[in-house]
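Notes to accompany the following structure.
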Amino acid sequence: MHIVLINGPNLNLLGLREPHLYGSATLDDVVTNAQQQAESLNIKLEAFQSNHEGAIIDRIQAARGIADAIIINPGGFTHTSVAIRDALLGVDIPFVEVHVSNVHAREPWRHHSYFTDKAVAMVCGMGTFGYTAAIDFAAKHMKLREKPAGQ
398 MHIVLINGPN LNLLGLREPH LYGSATLDDV VTNAQQQAES LNIKLEAFQS NHEGAIIDRI
458 QAARGIADAI IINPGGFTHT SVAIRDALLG VDIPFVEVHV SNVHAREPWR HHSYFTDKAV
518 AMVCGMGTFG YTAAIDFAAK HMKLREKPAG Q
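Numbering of the sequence shown is given in our numbering, commencing with residue 398 and proceeding in unit increments.
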């Protein structure tokens, strides 16, 4: 199994930005833990972070035919990006949406996501443990498609 973990804008500031909302763990901590967890489950995990919408779209498109699942924290693009939504739908890779904070307990404009209705699952409000839950879910519950011989 191959998972691509994508983090959107400002998630590179985890541990620094608003620790009362996002905690003290850094994105490096999240990625290190995710890679260790994936390795223990015999999963290849590639991590990617960008503050740029186009770079995120490019990474999603590059996962086509390679990844079995995408775990994505779109950050602020959650509430604005039809383009990232279209990229996820275009590659036809099942994905899990993750948010460190409980977006439903925050400002009303954060309650809407362009991804939740198409995600296999959505995890929010669990802090960085949400990534652990998403990987575990992907490993145990997401139905993998048959791959052609040689892949």
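We put the beta carbon where it would ideally sit given N, CA and C, even for glycine. In this text, all values refer to a predicted model and were calculated from it rather than measured experimentally.
Check your understanding: Count the other CB atoms within 10 Å of the CB of Leu486; is the residue buried (16 or more) or exposed (fewer)?
Key -> Counting Cβ neighbours within 10 Å, Leu486 comes out exposed, since fewer than 16 surround it.
Exercise for review: Find the nearest neighbour of Asp483 within the set Asn470, Lys515, Ile463 and His508, judged by alpha-carbon distance.
Suggested key: Of the residues Asn470, Lys515, Ile463 and His508, the one whose Cα lies closest to the Cα of Asp483 is Lys515.
Exercise for review: Could you tell me if Ser421 is buried or exposed, where buried requires 16 or more neighbouring beta carbons within 10 angstroms of its beta carbon?
Suggested key: Its Cβ having fewer than 16 others within 10 Å, Ser421 is exposed.
Point to revise | Ile467, enclosing beta strand (DSSP E) - first and last residue | key: Its beta strand (DSSP E) spans residues Ala466 to Asn470.
Review point. For Phe512 versus Thr477, is the C-beta distance shorter than 8 Å?
Key: Not closer than 8 Å, so no.
Review point. What are the start and end residues of the beta strand (DSSP E) that includes Glu443?
Key: In the DSSP assignment, Glu443 falls within the unbroken beta strand (DSSP E) covering Lys441 to Gln446.
Check your understanding: Are the Cβ atoms of Ile454 and Ile481 separated by less than 8 Å?
Key -> In this structure, the beta-carbon distance from Ile454 to Ile481 falls below 8 Å.
**Study point:** Reference Arg503; option with closest CA among Phe492, Cys521 and Val488
**Key:** Considering only alpha carbons, the answer is Cys521.
Exercise for review: Using three-state DSSP, classify Phe512 as helix, strand or coil.
Suggested key: Of the three classes helix, strand and coil, the one that applies to Phe512 here is coil, per DSSP.
**Study point:** Given Phe526 as reference, the closest of Val479, Ser510, Ile440 and Val428 once Cα atoms are compared
**Key:** Ranked by Cα distance from Phe526, the options Val479, Ser510, Ile440 and Val428 are led by Val428.
Exercise for review: Could you tell me whether the Cβ atoms of Ala466 and Ile403 are closer together than 8 Å?
Suggested key: The Cβ atoms of Ala466 and Ile403 lie no closer than 8 Å to each other.
Practice item. Could you pull out every residue in the same chain whose Cβ sits closer than 7 Å to the Cβ of Leu442, ignoring the five residues on either side in sequence? Key: If we look at Leu442 and ignore the five residues flanking it on each side, its Cβ neighbours are Ile400, Leu402, Ala431, Gln432 and Ala435.
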